[in-house]
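Accompanying notes for the structure given below.
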Amino acid sequence: MTVRLVEAGYTVHGFDVSEKARSTAKVAGISTYDSTQESIEAMPDRKVVWLMVPAKFVDGVLNEIHKNLSPGDIIIDGGNSFFKETLRRAEEAKQKELHYVDCGTSGGIIGARNGAALMVGGDDKVVAEVAHIFETLAAPNGYGHVGKTGSGHFVKMVHNGIEYGMIGAIAEGMNFVEKYEEELRINTRQVLNPYVHESIITSKLMTWMSDAYHTEGYLESIVGEVPKGETEEEMEFIIKQQLSPVLEAALNQRKATRETPSRVGTLISAMRNQFGGHKVINKD
1 MTVRLVEAGY TVHGFDVSEK ARSTAKVAGI STYDSTQESI EAMPDRKVVW LMVPAKFVDG
61 VLNEIHKNLS PGDIIIDGGN SFFKETLRRA EEAKQKELHY VDCGTSGGII GARNGAALMV
121 GGDDKVVAEV AHIFETLAAP NGYGHVGKTG SGHFVKMVHN GIEYGMIGAI AEGMNFVEKY
181 EEELRINTRQ VLNPYVHESI ITSKLMTWMS DAYHTEGYLE SIVGEVPKGE TEEEMEFIIK
241 QQLSPVLEAA LNQRKATRET PSRVGTLISA MRNQFGGHKV INKD
């Protein structure tokens, strides 16, 4: 995402805990620093700070950032934060006269590089001031100011719930196809051609599933256990509303693979790894 901004003419000041990530970013034209404080201090005038960190680290990073910001500065949280936590953090920022914007981000690594889907929540005036950043990072028509503060992460949470159901359905379907490969002499890779191209179930997820099947030895290397993801607690929140039986089944499907690894677990893990770089458990 930072490379995309640099290519569009932005000056980006950045920090990452990984020295390797900083080195890679520097080669790409990002001004990198050895601490969050140094990167913020390097920004002239009014500061816009974009966080892209795992949800469990957001509060710690915010504690650092708050010390180095001035009234009127803008914080954008682009990670998978739970929307109720976002509301709390926005209120804390408001007490310090800082603006807080939440941005649900989707599209995986490819989307980040070539144009993501961005679901933004925040005060109308504040969002309007930084809308040019979202428009630069988003795919065509992929940016939406969806509502007030907290709504961006709420809408992304719902998006993740839909994603769970879709991934689970694709994995179940492909597993079922495999069960009948011998009886019907099915060529599973050929099955994926019409599935991926202009069928009703055509999607990026199906394309990533196809890529997994066409990568020699890839699926065979993955244990059928889906590692716990950072969004599962949010999914539990949705399920408690008793409006999402598909999501509940999909989450239970993932949990079951941790007790009994399965081919469905392998296929789910492969899709998650393909689009987001989520870790998989490899066979020894």
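If you're matching positions, the sequence shown starts at 1 in my numbering and goes up one per residue.
Even glycine gets a Cβ: it sits at the ideal position worked out from N, Cα and C.
Cβ-based neighbour list, residue i, same chain, cut-off 6 Å, excluding 5 preceding and 5 following
i, result
"G147", "G121"
"R254", "V226"
"A171", "V264, L267 and I268"
"A117", "S106, G107 and G142"
"R113", "none"
Beta-carbon proximity check, residue i vs residue j, cutoff 8 Å
i, j, result
"G288", "S244", "Residue numbering for the chain in the displayed model covers 1 to 284; residue 288 lies beyond these limits and cannot be assessed."
"V101", "V127", "yes"
Inter-residue spacing [alpha-carbon to alpha-carbon] between residue i and residue j
i, j, result
"K283", "S221", "5 Å"
"V27", "V6", "11 Å"
"V223", "A21", "28 Å"
"W50", "K84", "19 Å"
"M119", "E129", "16 Å"
"S106", "P140", "14 Å"
"G150", "T188", "43 Å"
"H145", "I133", "12 Å"
"I40", "Y33", "9 Å"
"I30", "E248", "42 Å"
"N175", "L192", "13 Å"
Continuous beta strand (DSSP E) stretch holding residue i: start and end
i, result
"M119", "A116 to G121"
"N290", "The requested residue 290 is not part of the displayed model; the chain covers only 1 to 284."
"Y100", "H99 to S106"
"L243", "It is not in any beta strand (DSSP E) - L243 carries neither H nor E in the DSSP assignment."
Residue i, enclosing alpha helix (DSSP H) - first and last residue
i, result
"V61", "V58 to H66"
"I186", "Note, I186: premise wrong, no alpha helix (DSSP H); not H, not E."
"I133", "D124 to L137"
"L87", "F83 to Q95"
Nearest-angstrom beta carbon gap, residue j and residue i [assumed within contact, 8 Å]
i, j, result
"D59", "L98", "Actually they are not in contact, since the Cβ atoms of D59 and L98 sit about 15 Å apart, beyond 8 Å."
"Q37", "E64", "7 Å"
Contacts around residue i, its chain only, beta-carbon distance under 7 Å, and the 5 residues preceding and following it disregarded
i, result
"Q274", "W208, D211 and A212"
"T231", "N80 and N160"
"R46", "G72 and D73"
"S70", "none"
Spatial neighbours of residue i in its chain, beta-carbon cut-off 8 Å, leaving aside the 5 residues before and after
i, result
"E233", "F82"
"T202", "Y195 and V196"
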